[in-house]
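Undergrad:
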Ligand code: SF4
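Residue numbers (the working numbering): 9 to 232.
1. Use the C-beta contact count for residue 213: other C-beta atoms within 10 angstroms, 16 or more gives buried, fewer gives exposed.
2. Please give the ranges of any alpha helix (DSSP H) in the region 126-162, keeping only runs that are unbroken, at least 4 residues long and fully inside the region.
3. Do three or more CB pairs link the region 102-117 to the region 167-175 at distances below 8 Å?
4. Beta carbon of residue 102: closer than 8 Å to some heavy atom of ligand 3?
5. Taking the C-alpha atoms as reference points, what is the distance between residue 204 and residue 25?
6. Since residue 123 contacts residue 29 with CB under 8 Å, what's their CB separation in whole angstroms?
7. Closer than 7 Å by C-beta to residue 174: which residues in its own chain qualify, once you throw out the five before and the five after it? Chain order, please.
8. Just reading off the alpha helix (DSSP H) that residue 166 is part of, what are its end residues?
9. In chain order, what residues of the same chain lie with their CB nearer than 6 Å to the CB of residue 101, ignoring the 5 residues before and after it?
10. Measuring CA to CA, which of 222, 218, 195 is closest to residue 208?
11. Counting only the same chain and skipping the five closest in sequence on each side, list residues whose C-beta sits under 7 Å from that of residue 75.
12. For a minimum of 3 consecutive residues, which ranges assigned as the beta strand (DSSP E) are wholly contained in the region 63-123?
In structure tokens, the structure reads:
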């Protein structure tokens, strides 16, 4: 087999999820080349894929990454018609460093100098106190531990009740931000991260709307 030595624009790297952002990328946000609606906060406790990893692992520290396209892992900036990056000149550091023929270079920056929403949000942003309160009152549970618990014991009532309380509190904060500060839905993933009920779905926990609240039940283990 002939070893690849140059980029043939297959897009494989761009189809595996948007890049994490580093301090070297802050200027892209400050210059509005990347907007809040392009980004998603990955919170401590979530499960996420690291570059070159075969399965998702626990996130030890929050970070920001580029959003994917709805219902897919593909980076929102990957143009599948023309097989190209639509922000090539302004792509983040991780995309500049990555060479699929020599992935070691990306590994040298993986997990280092990552930025968070708090590096971007202005101190005068009226949403900031609510975001901080949400972060304290409504932390993302350690989903790796939840996953292990489900593997060992299935979903006991206490676990579901505890998760259900956090899921509904999480949604109340998002509703409040929308009502009080007119937070656009497009920026919600930057300010709050993904809703907890969505993060639980790959673990086999389904959420059903009952009146004003979501009720959780354990269905089956999906692919993670
Ligand atoms: S920003 Fe561009 S190069 Fe980076 S993952 Fe997205 S499409 Fe690919």
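Think of the CB as a built atom: it goes at the ideal place given N, C-alpha and C, for glycine as much as any other residue.
TA: Judging by the given coordinates:
1. On the chain shown, position 205 is the one that residue 213 refers to. Buried, by the Cβ-count rule.
2. 136-145, 151-161
3. no
4. By its list of ligands, the structure shown excludes ligand 3, since it contains just ligand 1.
5. By one-based count along the chain shown, residue 204 stands at place 196. By one-based count along the chain shown, residue 25 stands at place 17. Distance between the alpha carbons of residue 204 and residue 25 is about 19 Å.
6. Translated into positions along the chain shown, residue 123 becomes position 115. Translated into positions along the chain shown, residue 29 becomes position 21. Right, their Cβ atoms sit about 5 Å apart.
7. Reading the chain shown from its first residue, position 166 is the one you call residue 174. Same-chain partners within the cutoff: 146, 149, 204.
8. Sequence index remark: in the chain shown, residue 166 carries index 158 (1-based). Run containing residue 166: 165-189, per the alpha helix (DSSP H) assignment.
9. Position 93 of the chain shown, counting from 1, holds the residue named residue 101. Once the five neighbours on either side are set aside, the close Cβ partners of residue 101 are 30, 32, 33.
10. As a working note, residue 208 is residue 200 in the chain shown. Taking only the C-alpha atoms, the option nearest residue 208 is 222.
11. Within the chain shown, numbered from 1, the residue matching residue 75 stands at position 67. Around residue 75: 26, 46, 47, 48, 84, 197.
12. 71-74
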